[in-house]
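Engineer:
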Amino acid sequence: VLGSESKNCISLKITIYVIRIAADHIVVRDDTEPARDPVGAGVNRSLALEAVQYDTKKSNGKYEYVLGGLHGPLSELKDFSENGGGVDCSGFVRYIIWKVYGNDVGSFVTQSVPGMKSVFKEVSASEVAAGDIGWNEGHVDFITENKGGSKIHQFGAHSTANDLYGDDVTASSYTKFYRYVGPKGGHR
Numbered sequence: 007v008l009g010s011e012s013k014n015c016i017s018l019k020i021t022i023y024v025i026r027i028a029a030d031h032i033v034v035r036d037d038t039e040p041a042r043d044p045v046g047a048g049v050n051r052s053l054a055l056e057a058v059q060y061d062t063k064k065s066n067g068k069y070e071y072v073l074g075g076l077h078g079p080l081s082e083l084k085d086f087s088e089n090g091g092g093v094d095c096s097g098f099v100r101y102i103i104w105k106v107y108g109n110d111v112g113s114f115v116t117q118s119v120p121g122m123k124s125v126f127k128e129v130s131a132s133e134v135a136a137g138d139i140g141w142n143e144g145h146v147d148f149i150t151e152n153k154g155g156s157k158i159h160q161f162g163a164h165s166t167a168n169d170l171y172g173d174d175v176t177a178s179s180y181t182k183f184y185r186y187v188g189p190k191g192g193h194r
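Counting in this note's numbering, the sequence shown runs from 7 upward without gaps.
What follows is the structure, given as structure tokens:
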């Protein structure tokens with residue numbers, strides 16, 4: 007778009023549109039203002055990037071919290087990918103790992119995470135990064151950003167709000183942190 011012209015100078019206004027094509031949708035964003043990266047750095051940053059795509063409020067309710075959601079066969083993961091539906095916190099972790107790395111870690115309850123050593127490695131609160139998992143007895147979330155000190159941002163499926171969302175919390179909100187170390191690049 008041409009702007010004003012003065013003393014042999016031409017002022018231009020350039021608007022950049024970023025188009026991201028995902029498997030099931032296209033997002034067009036006006037990038038006149040630089041966008042804030044939704045996740046921080048991390049070995050498994052792609053897990054955090056995928057997780058934040060499922061925000062219930064941004065998906066018009068396509069995804070919601072349902073206890074036991076995504077604990078069935080692999081076909082259930084594929085159906086959720088195409089049609090949305092209900093998911094609980096550990097089902098959401100299972101789904102995101104499958105979606106990003108093509109590895110189905112299988113149905114698990116949150117209490118079993120510490121024993122899943124071929125899939126998850128414990129990391130300290132100071133090492134936690136985007137894509138890691140915050141764990142408590144009875145709940146798991148993806149960490150999307152380590153904000154320094156004891157502040158982190160998490161994203162996951164929450165029964166208390168009946169949806170998927172992210173929020174700033176303190177590292178002490180979790181008993182332990184885990185990093186996905188399982189296979190990457192399986193077949194979906």
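Each residue gets a CB set at the ideal place from its N, CA and C atoms; glycine is no exception.
Hey, out of G92, D85, G108, D110, whose CA is closest to S73's CA?
Structural biologist: Per the sequence shown, residue 73 should be read as Leu rather than Ser. Ranking the options by Cα distance to L73, first place goes to G92.
Engineer: Quick check: V129 and F183, are their CB atoms within less than 7 Å of each other?
Structural biologist: Yes; because the gap between Cβ atoms is below 7 Å, this pair is in contact.
Engineer: For D147, which of helix, strand or coil comes out of DSSP?
Structural biologist: D147 falls in the strand class under three-state DSSP.
Engineer: Who are the near neighbours of Y69 in its chain, counting only those whose CB is closer than 6 Å to its CB and skipping five residues on each side?
Structural biologist: Y60, T62, G90, L170, listed in sequence order.
Engineer: Does the distance from the CB of I102 to the CB of A57 come in under 7 Å?
Structural biologist: Closer than 7 Å, so yes.
Engineer: Among the residues of its own chain, which have a CB less than 6 Å from the CB of G137, if the five just before and after it don't count?
Structural biologist: Hits under 6 Å: G48, N50, R51, L53, A54.
Engineer: Which residues does DSSP pair with L170 in a beta bridge?
Structural biologist: A163.
Engineer: Quick one: grab the DSSP three-state call for R100.
Structural biologist: In the structure shown, R100 sits in a helix (DSSP, three-state: H, G or I).
Engineer: Between the alpha carbons of Y107 and P189, how many angstroms are there, rounded?
Structural biologist: Near 7 Å, if we compare the C-alpha coordinates of P189 and Y107.
Engineer: How many angstroms separate the CA atom of K157 from the CA atom of Y180?
Structural biologist: Rounded to whole angstroms, K157 to Y180 spans 12 Å at the Cα level.
Engineer: So is K105 buried or exposed if we call it buried at 16+ other beta carbons inside 10 Å?
Structural biologist: Buried is the call here.
Engineer: Who are T176's beta bridge partners in DSSP?
Structural biologist: Answer by DSSP bridge pairing, in chain order: K157.
Engineer: Taking the alpha carbon of D110 as the point to measure from, which residue in I149, A177, L76 has its own alpha carbon closest?
Structural biologist: Measuring from the Cα of D110, the nearest candidate turns out to be L76.
Engineer: Go ahead and pull the three-state DSSP assignment for V106.
Structural biologist: Looking at V106 - three-state DSSP - the assignment turns out to be helix.
Engineer: Between S178 and the rest of its own chain, which residues show a CB-CB distance below 6 Å, the 5 nearest in sequence each way excluded?
Structural biologist: So no residue of the chain qualifies.
Engineer: Roughly how many angstroms separate the alpha carbons of S87 and A167, rounded to a whole number?
Structural biologist: If you take the alpha carbons of S87 and A167, they lie about 22 Å apart.
Engineer: Output the distance between the C-alpha atoms of Y151 and V115, rounded to the nearest integer angstrom.
Structural biologist: For the record, residue 151 in the displayed sequence is Glu; it is not Tyr. Spanning the two alpha carbons is a distance of roughly 24 Å.
Engineer: Could you have a look at N56 and say whether DSSP puts it in helix, strand or coil?
Structural biologist: Correcting the residue identity first, residue 56 is Glu in this sequence and not Asn. E56: helix per DSSP, three-state reduction.
Engineer: Helix, strand or coil for N50 per DSSP?
Structural biologist: Three-state DSSP puts N50 in coil, outside helix and strand.
Engineer: Can you tell me the Cβ-Cβ gap for Q160 and G172, rounded? I've got them flagged as a contact below 8 Å.
Structural biologist: That belief holds up - the Cβ atoms of Q160 and G172 are roughly 6 Å apart, short of 8 Å.
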